Structure formats: C-alpha cells, structure tokens
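Contents: one structure, followed by commentary.
Numbering (the working numbering), first residue to last: 10 to 259.
This is the structure we're talking about:
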C-alpha cells in the first residue's frame, strides 16, 4: 500500500510572489497561481479530468490559471482547464470543474459545486451549498444564495444540454430550482423555494412552485416602507463595487 501523499507541487507549475501554500496541497502540471494568493490545506489545483485515468502517462494537463490575491480555502478542488481572475475566494470543500471561466472579484461558497463548461462574470457571489450545472452563463454582479440548484437536461439521461443564463444583478434566493434552458433577466429576483419553469423578465419578482410573476422589483419595500430594489441603486454598505469606488473618489 502506498503512503498517503502529504503534498506535491509540480515543477511545471508557476507560482507567483508571496503565495502561501498550506500543508497537504497538491498543485499539478500547467498550473499558474498569481501573486499574494493563499492556498488552504489539502486543496488540489489542476486536478486532472477523467481522461487522465484512461491515458495516465500520456495525459497532458490543460492550463489552470488563478489570478492574484486569491484565497482558496481548505479542501477545495479546482480542475485542469479552468481560468479564474483576480481576487477570487472560495469557502471550504468547493469544487470547480474543467472548462470554466470566472471573472474578477468573484466568490464561491463552502460545499458549492460547478460541474464545468460554464462562464461566470465579475463580482458574482455564489453562497454555500449551491449546485450549479454544466453550461451556465452567469453575468456580473449576480447573487446566488444557499441550496440553489441549476439544471441542464429536461429528460435525463436523454436529451441535449441546455444553457441557463442569468443576467446582471439578478438574485436567486435559497432553495430555488432553475429548470434547463431558462434565462433570468437583469435585476430579476427569484423568491426562496421557487421552481422556475420559464424565462423571467428583467426586474421581475417571481415566487412559488411553479413560480409566477408577482410584481416589478421596483415595487418591493422593506419593513419600514423603503424601496430596496434594484439593489444596486439602494446599497449603502461599502462592498467594493466599481460604482462605489467611483462615488468615493468624487
């Protein structure tokens, strides 16, 4: 029986300046990690796809790139053929599969999974225990809350994959399920526990199983009677968004 591997950094990996690599980390061939990044204990970067187990010595790892200032927390696995921008963060036990592109300033919560073949924009917040599907297009400034599930085949295991599109500033609240091929509009809100079976218009609140359009998000008020959406227009807390930085400079 082979001894458990305590950690490994390939000589073919490119590690930036001031990168902290914790015990038990595995960094495989053709990985690039940007400056000032942190890789938490027992994380795997550049995990090979299933092809490796068929070809073994003949398998060539495709490039995995993580931008500067990343925080990759413990037991995260990021596969080969993944490109991630700067200031990326994960929780613990996150999984990001091959053929995924992620923008800048995006976070991916604990125990969440991205099965691959997808594009995620800038400043996206994916909370803990979210199960995405293959073939997603998630635009900038989207919020996806815990236990959300995205799907991609209507009649599994038969049928083709369908792309789910989530437009800028949309919010999907906890325990919602999005059926295959759905487009969720800009600034739309999916209420908690909803089953979304058809496209959602821009700035629309939908709720229920199956979900129904309720009203414009612009008509939503908080408990004090204040309008709160679109959230970009009412956010007061500084969270580092580009428009907040511009406002601060003025």
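Don't be surprised by glycine CBs; every beta carbon is placed ideally from N, CA and C. Owing to the predicted nature of the structure, the values given are computational and were not obtained by experimental measurement.
Chain-order list of residues whose beta-carbon lies under 6 angstroms from that of residue 110 (same chain, five-residue window excluded): Result list for residue 110: 92 and 128, in chain order.
Quick check on the burial criterion: 16 or more other C-beta atoms within 10 angstroms. Buried or exposed for residue 131? Residue 131 is buried by the Cβ-count criterion.
Rounded separation between residue 33 and residue 52 - CA only: Their backbone Cα atoms lie some 7 angstroms apart in a straight line.
Any 3 or more C-beta pairs closer than 8 angstroms across the stretch 162-172 and the stretch 218-226: Cβ pair count under 8 angstroms is below three, so no.
Excluding five sequence neighbours on each side, which residues of the same chain lie with their C-beta closer than 6 angstroms to the C-beta of residue 181? For residue 181, where only same-chain residues beyond five positions count, the Cβ hits under 6 angstroms are 153, 157 and 199.
Express the C-alpha separation of residue 206 and residue 174 in angstroms, rounding to a whole number. For the pair residue 174 and residue 206, the Cα-to-Cα distance works out to about 13 angstroms.
Of the residues 86, 119 and 172, which one's Cα is nearest the Cα of residue 36? Nearest Cα to residue 36 within the set 86, 119 and 172: 86.
If you count every other CB in all the chains shown that lies within 10 Å of the CB of residue 242, and 16 or more means buried, which is it? The residue in question, residue 242, is exposed, as its Cβ has fewer than 16 Cβ neighbours within 10 Å.
According to DSSP, simplified to helix, strand and coil, what is residue 67? Three-state DSSP puts residue 67 in a helix.
For my contact list, residue 28 and residue 73 are in at a C-beta cut-off of 8 angstroms; report their separation, rounded to the angstrom. Going by Cβ atoms, the distance from residue 28 to residue 73 rounds to 14 angstroms, so no, they are not a contact pair.
In this structure, does DSSP put residue 204 in helix, strand or coil? The answer is strand: DSSP assigns residue 204 an E or B state.
When burial is assigned at 16 or more other CB atoms within 10 Å of the CB, is residue 145 buried or exposed? Residue 145 is buried by the Cβ-count criterion.
Residue 67 versus residue 60: straight-line alpha-carbon distance, rounded: Roughly 10 angstroms between the two C-alpha positions.
Endpoints, beta strand (DSSP E) assigned at residue 260: Residue 260 is absent from the model: the chain starts at 10 and stops at 259.
Do you know how far the Cα of residue 141 is from the Cα of residue 204? Approximately 15 angstroms between the Cα atoms of the pair.
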